[in-house]
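>
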Amino acid sequence: MKTTLLFFFLASIFFFDNTQTIKPAPKGKAVVYFVRSSSLGSAINFTYFDSTKVIGRFNGPKYLRYECQPGKHLFWVRSENKDYIKADLESGKIYVIDVVPQMGAIKASVRLIPVNSEDYRMKKIKKLISKKDSESFSQKELTTLQIKMEDVINRSLKKYKNLKIPVKKLGTFTFKPEDLLFVKKKKE
13 MKTTLLFFFL ASIFFFDNTQ TIKPAPKGKA VVYFVRSSSL GSAINFTYFD STKVIGRFNG
73 PKYLRYECQP GKHLFWVRSE NKDYIKADLE SGKIYVIDVV PQMGAIKASV RLIPVNSEDY
133 RMKKIKKLIS KKDSESFSQK ELTTLQIKME DVINRSLKKY KNLKIPVKKL GTFTFKPEDL
193 LFVKKKKE
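Written out as structure tokens, the structure reads:
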């Protein structure tokens, strides 16, 4: 009897510990999820930026939950190329950017794509966010990467200013925390 009760107790702890919850945006902040849901080129690191600030670096499939001040932002990512996306974020809102690796003949490149709830990528994105924790970085890691990337940041922002093509905009697509949880549908 004690063994059975212990089993159910431990099983319930395991179940609840592995149930992912999505936190709402903190008061006065906006949240942007950078989601790399594809395993294509998963060994290749991409570095993520908010204008001149390094916000993370990771390979895939993983994601980063980035909390920031509302207002105008220039998000970009670096691999063998750079891709940029402009955003005007609202306080208390959650946004999602899909980070899409593309394998070339010799080099890997990356694209940033704004995601909306009707997007075909949502199933993979929801599964990833529901199963894994966000990547996180210590201040020391970010500072080290910031110093290492200083020249890259300067060149990349100069390149951005000289772009002849329009830069994508994140738009007004936002999510509630429950919109990002993966719920397996029952077969009828």
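For this note's numbering, count along the sequence shown from 1 and bump the result up by 12.
Built from N, CA and C at the ideal position, the CB exists for glycine as well.
My parser needs the beta strand (DSSP E) runs of 3 or more residues fully inside the segment 42-107; what are they?
The qualifying runs are 42-48, 58-62, 65-70, 74-80, 83-90, 94-101.
> Considering only residues of the same chain and omitting the five flanking positions on each side of S54, which have a CB-CB separation below 6 Å?
As a first step, residue 54 must be located in the sequence shown, where it is residue number 42. Around S54: N71, G72.
> What do you get for V179, buried or exposed, if any count of 16 or more other CB atoms within 10 angstroms of its CB means buried?
Here the question's residue 179 lines up with position 167 in the sequence shown. The residue is exposed, with fewer than 16 neighbouring Cβ atoms inside 10 Å.
> Looking at C-alpha atoms only, which residue of K119, S142, R48, N93 is the closest neighbour of T33?
Counted from its first residue, the sequence shown places residue 33 at position 21. Out of K119, S142, R48, N93, S142 has the C-alpha closest to the C-alpha of T33.
> Could you round the C-beta distance between G201 and D62 to whole angstroms and report it? I think they count as a contact, below 8 Å.
Nothing can be reported for residue 201, as the shown portion of the chain is limited to 13 through 200.
> Evaluate S91 with the Cβ neighbour count: other Cβ atoms within 10 Å of its Cβ, from every protein chain shown; 16 or more gives buried, anything less gives exposed.
Position 79 of the sequence shown, counted from the first residue, corresponds to residue 91. So S91 ends up on the buried side.
> Would you kindly check if the distance between the Cβ of V47 and the Cβ of Y78 is under 8 Å?
As a first step, residue 78 is located in the sequence shown; it is residue number 66 there, counting from the start. As a first step, residue 47 is located in the sequence shown; it is residue number 35 there, counting from the start. For Y78 and V47, no; Cβs fall outside 8 Å.
> So the candidates are W88, E190, E162; which of them puts its Cα closest to the Cα of V112?
Residue 112 sits at position 100 when you count from the first residue of the sequence shown. Nearest option by C-alpha distance: W88.
> When you compare the CB of S54 with every CB in chain B, is at least one pair closer than 8 Å?
Protein chains in the displayed structure number just one, and chain B is not present.
> Out of V122, V127, K94, which one is the CA nearest neighbour of T186?
Taking the sequence shown and counting its residues from 1, the one referred to as residue 186 is at position 174. The candidate whose alpha carbon is nearest that of T186 is V127.
> Give me the DSSP bridge partner(s) of V122.
Position 110 of the sequence shown, counted from the start, is the residue given in the question as residue 122. DSSP lists P113 as partners of V122.
> With a CB to CB cut of under 7 Å and the five nearest residues on each side skipped, what residues in its chain are close to S168?
Reading the sequence shown from its first residue, position 156 is the one you call residue 168. Result list for S168: W88, R90, K94, in chain order.
> Mapping DSSP to helix, strand and coil, what is K170?
For the purposes of this step, residue 170 is taken as the residue at position 158 of the sequence shown. Helix.
> Counting Cβ pairs closer than 8 Å, one from the segment 142-159 and one from the segment 114-125, do we hit at least three?
No: the two stretches stay apart, fewer than three of their Cβ pairs being nearer than 8 Å.
> Whose C-beta lies closer than 6 Å to the C-beta of K181 among residues of the same chain, with five residues either side of it excluded?
The residue you call residue 181 lines up with position 169 of the sequence shown. The answer, listed in chain order, is K98.
> Using DSSP's beta-bridge definition, name the partner residues of K181.
Looking up residue 181 in the sequence shown gives position 169. Its beta-bridge partners are K98.
> So, Y96 versus Y172, is the Cβ gap smaller than 8 Å?
Taking the sequence shown and counting its residues from 1, one reaches residue 96 at position 84. Taking the sequence shown and counting its residues from 1, one reaches residue 172 at position 160. For Y96 and Y172, yes; Cβs fall inside 8 Å.
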